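Before any comments, here is the structure.
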Amino acid sequence: MNDVCKTRHYHMLILNTDNSQKSEDDGIRSLIDHNVDALLINPTGYTSPIYTKLKESRLPIVLIDRQIEHFLFDSVTSNNYDVTYQATDYLIQNNYSRIYFVTENIDSISTRSQRKKQWRMLCARNTCRKSTFF
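Residue 5 is where the sequence shown starts when you use the working numbering, and the numbers rise one by one after that.
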């Protein structure tokens with residue numbers, strides 16, 4: 005991605021927030037203060053007042069992989085329902101019946117909650133002998 009940006013005379017800055025809402029807020033404020041042209045954000049998933057400020061600004065913003073509850077931004081995500089369906093269905097079709105779902109804390113992370121919802125629905129519909137969420 006950086007190579008493509010360079011050919012178009014853009015500079016790419018990457019910030020790592022370690023899934024910390026405070027670091028995310030601080031990083032976004034810092035980038036805004038530096039008059040960036042646009043933001044691509046893989047959000048922590050937590051609702052924060054910084055997103056109200058971003059929504060009110062005219063700054064182009066695209067969220068990557070996750071969406072934020074109560075805010076409508078352009079986003080690029082995978083089809084979490086479909087990929088979870090395919091993976092779980094594959095296991096069921098191959099006669100696996102004790103299927104576990106392992107994830108970090110879901111909190112308000114849209115991708116994780118979508119995957120969990122689809123997994124639970126499939127296991128309930130297919131009467132998995134034991135389905136456990138971790």
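Think of the CB as a built atom: it goes at the ideal place given N, C-alpha and C, for glycine as much as any other residue. Values in this document were obtained by computation on a predicted structure and should not be read as measured data.
Buried versus exposed call for residue i [16 or more other C-beta atoms within 10 Å across all chains shown]
| i | result |
| --- | --- |
| P53 | exposed |
| F138 | Because the pLDDT at F138 is just 48, under 50, the model does not fix this residue reliably, and the value given afterwards should be weighed accordingly. Result: exposed. |
| Y55 | buried |
| T11 | exposed |
| N84 | buried |
| I32 | buried |
| L67 | buried |
| I18 | exposed |
Which of helix, strand or coil DSSP assigns to residue i
| i | result |
| --- | --- |
| I110 | coil |
| D78 | strand |
| R119 | helix |
| L43 | strand |
| Y104 | strand |
Beta-carbon spacing of residue i, residue j below 7 Å
| i | j | result |
| --- | --- | --- |
| T51 | E73 | yes |
| L126 | T92 | yes |
| D78 | N46 | no |
| Y89 | Q118 | no |
| N23 | M16 | no |
C-alpha gap between residue i and residue j, whole angstroms
| i | j | result |
| --- | --- | --- |
| F75 | D29 | 15 Å |
| L63 | S34 | 14 Å |
Whole-angstrom C-beta distance between residue j and residue i, which should lie under 8 Å
| i | j | result |
| --- | --- | --- |
| R116 | I110 | 4 Å |
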